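Q: What follows is a single structure, and I will ask about it in a moment.
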Amino acid sequence: MKISIDLTNLSTVERDIRKIGPVAFRASISAINKTTALAKTAATRELASAKDIPVKMIRSRTIITRANVRRPYALLILLSGNFPIDRLKFRKPIRHGIVYNSHRYSHAFTA
Numbered sequence: 001m002k003i004s005i006d007l008t009n010l011s012t013v014e015r016d017i018r019k020i021g022p023v024a025f026r027a028s029i030s031a032i033n034k035t036t037a038l039a040k041t042a043a044t045r046e047l048a049s050a051k052d053i054p055v056k057m058i059r060s061r062t063i064i065t066r067a068n069v070r071r072p073y074a075l076l077i078l079l080s081g082n083f084p085i086d087r088l089k090f091r092k093p094i095r096h097g098i099v100y101n102s103h104r105y106s107h108a109f110t111a
């Protein structure tokens, strides 16, 4: 599965959505939010299978900023904690140092 989003016509799409009536505008916002929720599920499953990371870990680090009247677009953000995505399953960020295989290295850092 491949998800591609073309942002070249975003301003045109926003302008067209604002031109239509308020009922259709609310319906389009609802459709955007539902599509974002489906995209989160699909992206989480795809990333988990591709990188061999537990789905629960990816789901807990994913944030959706929903579309509303003032902002007719939604954001889907994955927080990786300054780690490459493929290293999420091995490293856990802590305040000082790194935990790796249940051992704490207090003076270690990620580059």
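All residue numbers in the sequence shown are consecutive under my numbering, ending with 111.
Glycine is no exception: its CB is placed at the ideal position from the N, C-alpha and C atoms.
Fair warning: this is a prediction, and the values are worked out from it, not measured in the lab.
Where valine 99 and arginine 18 are concerned, what is the direct C-alpha to C-alpha distance, given to the nearest angstrom?
A: For the purposes of this step, residue 99 is taken as the residue at position 99 of the sequence shown. For the purposes of this step, residue 18 is taken as the residue at position 18 of the sequence shown. Their Cα atoms are separated by approximately 49 Å.
Q: Taking buried to mean at least 16 other C-beta atoms within 10 Å of its own C-beta, is threonine 35 buried or exposed?
A: Here residue 35 corresponds to residue number 35 of the sequence shown, with the count starting at 1. So threonine 35 ends up on the exposed side.
Q: Any chance you could list the alpha helix (DSSP H) runs of at least 4 consecutive residues sitting entirely within the stretch 13-71, in chain order?
A: Runs found: 22-51, 55-60.
Q: Are the C-beta of arginine 70 and some C-beta of chain C separated by less than 7 Å?
A: Of the chains in the structure shown, none is chain C; there is only one protein chain.
Q: For the stretch 29-44 and the stretch 64-76, state whether three or more C-beta atom pairs, one from each stretch, are separated by less than 8 Å.
A: Counting Cβ pairs under 8 Å, three or more are found: they touch.
Q: Compare the C-alpha of arginine 59 against each of Phe25, Leu79, Asn33, Asn9 and name the closest.
A: Here residue 59 corresponds to residue number 59 of the sequence shown, with the count starting at 1. For the residues Phe25, Leu79, Asn33, Asn9, the minimum Cα distance to arginine 59 belongs to Leu79.
Q: When the Cα of leucine 75 is compared with those of Arg15, Leu38, Thr12, which residue comes out closest?
A: Numbered from its first residue, the sequence shown carries residue 75 at position 75. The shortest Cα separation from leucine 75 among Arg15, Leu38, Thr12 belongs to Leu38.
Q: Helix, strand or coil: how does DSSP classify leucine 10 here?
A: Position 10 of the sequence shown, counted from the start, is the residue given in the question as residue 10. Of the three classes helix, strand and coil, the one that applies to leucine 10 here is helix, per DSSP.
Q: Would isoleucine 85 pass as a contact of lysine 56 if the rule is Cβ separation under 7 Å?
A: Mapped onto the sequence shown, residue 85 falls at position 85. Mapped onto the sequence shown, residue 56 falls at position 56. No.
Q: At which residues does the beta strand (DSSP E) containing aspartate 76 begin and terminate?
A: Residue 76 sits at position 76 when you count from the first residue of the sequence shown. According to the sequence provided, residue 76 is leucine. The question's aspartate does not apply to it. Unbroken beta strand (DSSP E) run through leucine 76: 75-78.
Q: Would proline 72 and glutamate 14 qualify as a contact pair, given that the criterion is a beta-carbon distance under 7 Å?
A: As a working mapping, residue 72 is identified with position 72 in the sequence shown. As a working mapping, residue 14 is identified with position 14 in the sequence shown. Contact: yes.
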